[in-house]
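For reference, the structure discussed in these notes is given below.
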Amino acid sequence: MIIGYARVSTEDQNLDMQILALRKIGCDFIYEDRGMSGASTDRPGLLKLLKRLRSGDTLAVWRLDRLGRSLSHLIRILENLERRGISFHSISEHIDTRSSGGRLVFHMMAALAEFERALISERTRAGLAAAKAEGKKVGRRPRLSRAQVMQARKLLEEESWRHCDVAAHLGVHPITLKRHLASVAQNGCRQNEAAPTCIDDATPISLGKAKAAVP
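20 is the number of the first residue of the sequence shown in our numbering; add one for each residue after it.
Structure follows, in structure tokens:
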């Protein structure tokens with residue numbers, strides 16, 4: 020099954036071009052998010068889509084930036100899909116991991132993302148060392164906000180998401196997520212405190228044999 024995902028950042032933008040392109044490649048269903056920034060992890064349509072995908076399925080997007088907010092975030096999502104036996108197809112960039120060429124491009128992107136992470140880490144260490152030498156107080160800021168940790172708990176406890184899927188969705192390493200969850204549990208925070216609603220009624224557009232259901 021091919022399942023498409025379409026997103027626009029503002030309500031007044033049009034999804035028609037993306038949906039038309041996804042229909043042309045034979046998507047069985049299309050999930051959409053309107054007025055959602057790519058930086059947001061609280062995207063109802065994407066959350067439902069990721070939960071629905073099964074081994075053997077293909078996730079399709081019109082363009083890479085419709086799915087991930089950065090290269091590293093995108094690679095985490097794609098690596099998670101690969102582990103679950105799910106293929107990926109980006110129409111504009113001609114990337115299709117069902118083919119050997121598409122898999123090669125994916126692994127090249129993963130290598131670039133790792134290089135980017137290494138550069139950031141190196142610069143961070145250099146900056147911390149310089150600040151420490153100047154007598155400034157240094158420390159690591161949390162990678163996840165309180166709202167994101169509450170969202171992660173909701174997905175794990177109420178929606179039965181796997182730990183690695185939640186980490187990929189939030190764009191962090193599973194160990195980072197575990198550390199934040201442990202910190203919340205240690206501090207005795209309750210899930211209903213400032214917990215965001217992260218699953219809404221995002222109705223997919225059914226294509227093919229089924230009639231189109233527009234949300």
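Note that beta-carbon positions come from the ideal geometry of N, C-alpha and C, so glycine has one too. Quick caveat: nothing in here was measured; it's all calculated off a predicted structure.
Checking 9 Å against the spacing of the C-beta atoms, do residue i and residue j come in under that value?
i: M127; j: T77; result: no
i: E59; j: W81; result: The residue you asked about is not Glu; residue 59 is Ser in the sequence shown. Not closer than 9 Å, so no.
i: R73; j: F48; result: no
i: S68; j: I22; result: Reading off the sequence, residue 68 comes out as Leu, not Ser. For L68 and I22, yes; Cβs fall inside 9 Å.
For the beta strand (DSSP E) containing residue i, list its first residue and its last residue.
i: I22; result: I21 to R26
Give the range of the alpha helix (DSSP H) segment to which residue i is assigned.
i: H92; result: L90 to R102
i: S164; result: Segment: none, S164 is in no alpha helix (DSSP H) and carries neither H nor E.
i: T195; result: P193 to Q205
i: L43; result: Note on identity: in this sequence residue 43 is Lys, with Leu being the wrong assignment. Element bounds for K43: D35 to K43.
i: L189; result: H182 to L189
Using three-state DSSP, classify residue i as helix, strand or coil.
i: P215; result: Because the pLDDT of P215 is 36, which lies under 50, any placement of that residue in the model is unreliable, and the question is left without a value.
i: I18; result: Nothing can be reported for residue 18, as the shown portion of the chain is limited to 20 through 234.
i: I105; result: coil
Mind reading off the beta-carbon distance from residue i to residue j? Whole number of angstroms is fine, and I expect it under 8 Å.
i: L97; j: F125; result: 6 Å
i: R85; j: A25; result: 7 Å
i: A187; j: N99; result: 4 Å
i: L174; j: V191; result: Not quite, the Cβ-Cβ distance comes to about 13 Å (not below 8 Å), so this is no contact.
>> Quick check on the DSSP output: what are the complete beta strand (DSSP E) runs of length 3 or more inside the region 51-80, in order along the chain?
In response: 77-80
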